[in-house]
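Mapping of the sequence shown onto this note's numbering: position 108 corresponds to residue 116, and the numbering continues sequentially without gaps. All C-beta atoms in this analysis are idealised placements derived from N, C-alpha and C, irrespective of residue type, glycine included. Keep in mind that this is a model prediction, so the values were computed, not measured. Please read the structure below before turning to the comments.
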Amino acid sequence: MTRLAGKTALITGAARGIGRAFAERYIAEGAQVIIADIDEERAVQTASDLGKNAVAVRMDVTDPASIDMGIGLGLSHFEKIDVLINNAAVFTAAPIVEITQDDYQKTFDINVKGSLFTLQAVAKHMIERAQGGKIINMASQAGRRGEALV
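Encoded structure:
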(Lines of atoms letter the chains of each structure in order from A and count residues from 1; the text may use other names and numbers.)
(Lines give C-alpha, C1' and ligand atoms only; values in the text may rest on other atoms or scores of the structure.)
Protein backbone atom coordinates (compact mmCIF):
# COMPACT_ATOMS: atom_id res chain seq x y z
CA MET A 1 0.00 0.00 0.00
CA THR A 2 1.07 3.57 -0.54
CA ARG A 3 -1.53 5.69 1.25
CA LEU A 4 1.23 7.99 2.48
CA ALA A 5 3.22 8.31 -0.76
CA GLY A 6 4.74 11.77 -1.02
CA LYS A 7 4.31 12.48 2.70
CA THR A 8 7.07 13.08 5.21
CA ALA A 9 6.60 12.30 8.90
CA LEU A 10 8.71 13.42 11.83
CA ILE A 11 8.38 10.93 14.69
CA THR A 12 9.88 11.71 18.10
CA GLY A 13 11.14 8.84 20.21
CA ALA A 14 11.33 6.80 17.00
CA ALA A 15 14.57 4.89 17.58
CA ARG A 16 12.72 2.02 19.27
CA GLY A 17 9.41 0.79 20.61
CA ILE A 18 6.14 2.35 19.48
CA GLY A 19 7.96 5.16 17.67
CA ARG A 20 9.92 2.68 15.59
CA ALA A 21 6.73 0.73 14.85
CA PHE A 22 5.14 3.95 13.58
CA ALA A 23 8.19 4.58 11.39
CA GLU A 24 8.13 1.06 9.96
CA ARG A 25 4.44 1.31 9.10
CA TYR A 26 4.68 4.81 7.64
CA ILE A 27 7.51 3.70 5.35
CA ALA A 28 5.50 0.61 4.36
CA GLU A 29 2.70 3.02 3.41
CA GLY A 30 5.07 5.05 1.19
CA ALA A 31 6.12 7.90 3.51
CA GLN A 32 9.56 9.28 4.21
CA VAL A 33 10.32 9.35 7.92
CA ILE A 34 12.53 11.49 10.12
CA ILE A 35 13.63 9.31 13.05
CA ALA A 36 13.99 11.86 15.87
CA ASP A 37 15.43 10.60 19.14
CA ILE A 38 17.75 11.70 21.94
CA ASP A 39 19.64 8.41 21.44
CA GLU A 40 21.44 9.35 18.24
CA GLU A 41 23.29 6.06 17.86
CA ARG A 42 20.09 4.03 18.07
CA ALA A 43 18.27 6.50 15.77
CA VAL A 44 21.00 6.10 13.15
CA GLN A 45 20.75 2.31 13.42
CA THR A 46 16.97 2.42 13.10
CA ALA A 47 17.15 4.69 10.05
CA SER A 48 19.74 2.38 8.51
CA ASP A 49 17.52 -0.64 9.17
CA LEU A 50 14.54 1.11 7.54
CA GLY A 51 16.39 2.17 4.37
CA LYS A 52 16.54 5.19 2.10
CA ASN A 53 13.18 6.60 3.17
CA ALA A 54 14.37 7.15 6.72
CA VAL A 55 16.83 9.64 8.15
CA ALA A 56 17.99 9.96 11.75
CA VAL A 57 18.24 13.22 13.67
CA ARG A 58 19.26 13.71 17.27
CA MET A 59 16.51 15.59 19.05
CA ASP A 60 16.14 16.35 22.74
CA VAL A 61 12.52 17.48 23.06
CA THR A 62 13.31 19.28 26.34
CA ASP A 63 15.62 21.69 24.49
CA PRO A 64 14.07 24.16 22.00
CA ALA A 65 17.42 24.59 20.21
CA SER A 66 17.66 20.81 19.75
CA ILE A 67 14.08 20.70 18.44
CA ASP A 68 14.86 23.42 15.90
CA MET A 69 18.11 21.74 14.88
CA GLY A 70 16.44 18.33 14.48
CA ILE A 71 13.64 19.80 12.39
CA GLY A 72 16.17 21.72 10.30
CA LEU A 73 18.22 18.60 9.62
CA GLY A 74 15.09 16.64 8.73
CA LEU A 75 13.96 19.40 6.37
CA SER A 76 17.39 19.56 4.74
CA HIS A 77 17.00 15.89 3.87
CA PHE A 78 13.29 15.60 2.96
CA GLU A 79 12.35 19.30 2.45
CA LYS A 80 9.00 19.21 4.27
CA ILE A 81 7.09 17.75 7.19
CA ASP A 82 3.49 16.70 6.58
CA VAL A 83 2.96 14.69 9.77
CA LEU A 84 4.29 15.01 13.32
CA ILE A 85 3.91 12.11 15.71
CA ASN A 86 4.78 13.41 19.18
CA ASN A 87 5.76 10.07 20.66
CA ALA A 88 8.76 10.78 22.92
CA ALA A 89 7.75 10.09 26.52
CA VAL A 90 8.92 8.68 29.83
CA PHE A 91 7.31 7.55 33.05
CA THR A 92 8.47 6.67 36.52
CA ALA A 93 7.44 3.18 37.57
CA ALA A 94 7.56 3.77 41.29
CA PRO A 95 5.10 3.96 44.14
CA ILE A 96 3.59 7.44 44.24
CA VAL A 97 5.16 8.13 47.65
CA GLU A 98 8.63 7.50 46.20
CA ILE A 99 8.50 9.73 43.11
CA THR A 100 10.98 12.57 43.51
CA GLN A 101 10.86 16.18 42.34
CA ASP A 102 13.51 15.27 39.75
CA ASP A 103 11.37 12.36 38.48
CA TYR A 104 8.40 14.69 38.15
CA GLN A 105 10.38 17.44 36.43
CA LYS A 106 11.91 15.05 33.90
CA THR A 107 8.51 13.54 33.10
CA PHE A 108 6.88 16.95 32.75
CA ASP A 109 9.73 18.33 30.63
CA ILE A 110 9.59 15.43 28.15
CA ASN A 111 5.91 14.53 28.11
CA VAL A 112 4.34 17.99 28.31
CA LYS A 113 6.86 20.69 27.51
CA GLY A 114 8.56 18.57 24.85
CA SER A 115 5.30 17.75 23.13
CA LEU A 116 4.13 21.36 23.18
CA PHE A 117 7.30 22.92 21.83
CA THR A 118 7.88 20.22 19.21
CA LEU A 119 4.27 20.69 18.09
CA GLN A 120 4.77 24.46 18.00
CA ALA A 121 7.94 24.27 15.89
CA VAL A 122 6.43 21.83 13.38
CA ALA A 123 3.16 23.80 13.25
CA LYS A 124 5.12 26.93 12.29
CA HIS A 125 6.66 25.00 9.39
CA MET A 126 3.25 23.68 8.33
CA ILE A 127 1.69 27.15 8.47
CA GLU A 128 4.53 28.65 6.40
CA ARG A 129 4.09 25.91 3.76
CA ALA A 130 0.31 26.48 3.66
CA GLN A 131 -0.22 22.84 2.67
CA GLY A 132 -1.87 21.65 5.87
CA GLY A 133 -0.60 18.73 7.88
CA LYS A 134 -1.38 16.36 10.70
CA ILE A 135 -0.14 16.43 14.28
CA ILE A 136 -0.62 13.34 16.42
CA ASN A 137 0.08 13.57 20.15
CA MET A 138 0.53 10.21 21.83
CA ALA A 139 -0.68 9.66 25.38
CA SER A 140 -0.80 6.78 27.79
CA GLN A 141 -3.94 5.12 29.00
CA ALA A 142 -2.37 5.54 32.44
CA GLY A 143 -3.41 9.19 32.31
CA ARG A 144 -7.06 8.15 32.36
CA ARG A 145 -7.07 5.74 35.27
CA GLY A 146 -4.89 4.57 38.11
CA GLU A 147 -3.66 1.03 38.50
CA ALA A 148 -1.95 -0.94 41.21
CA LEU A 149 1.84 -1.01 40.93
CA VAL A 150 2.71 -4.69 40.73
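- Q40 and G122 have their C-alpha atoms spaced approximately 23 angstroms apart.
- The C-alpha of G27 lies about 19 angstroms from the C-alpha of D117.
- Of the candidates S74, V91, E155, S74 places its Cα closest to the Cα of V65.
- Under a 10 Å Cβ-count criterion, K60 is classified as exposed, with fewer than 16 other Cβ atoms of the shown protein chains found around its own Cβ.
- If you compare the alpha carbons of L81, Q113, P103, N145 with that of Q128, the shortest gap goes to N145.
- Look at V41 here: in three-state DSSP terms it is strand.
- Per DSSP, R152 is not a residue of any beta strand (DSSP E), being assigned neither H nor E.
- CA-to-CA, the gap between K15 and V69 works out to about 23 angstroms.
- Counted as a single uninterrupted DSSP element, the alpha helix (DSSP H) harbouring V52 occupies residues 48 to 58.
- Below 8 angstroms, too few C-beta pairs join the stretch 30 to 46 and the stretch 105 to 113 to call them touching: fewer than three.
- Beta-bridge annotation (DSSP): I19 is paired with I43, I93.
- P103 and T115 have their C-alpha atoms some 15 angstroms from each other.
- For V130, the enclosing alpha helix (DSSP H) starts and ends at 123 to 137.
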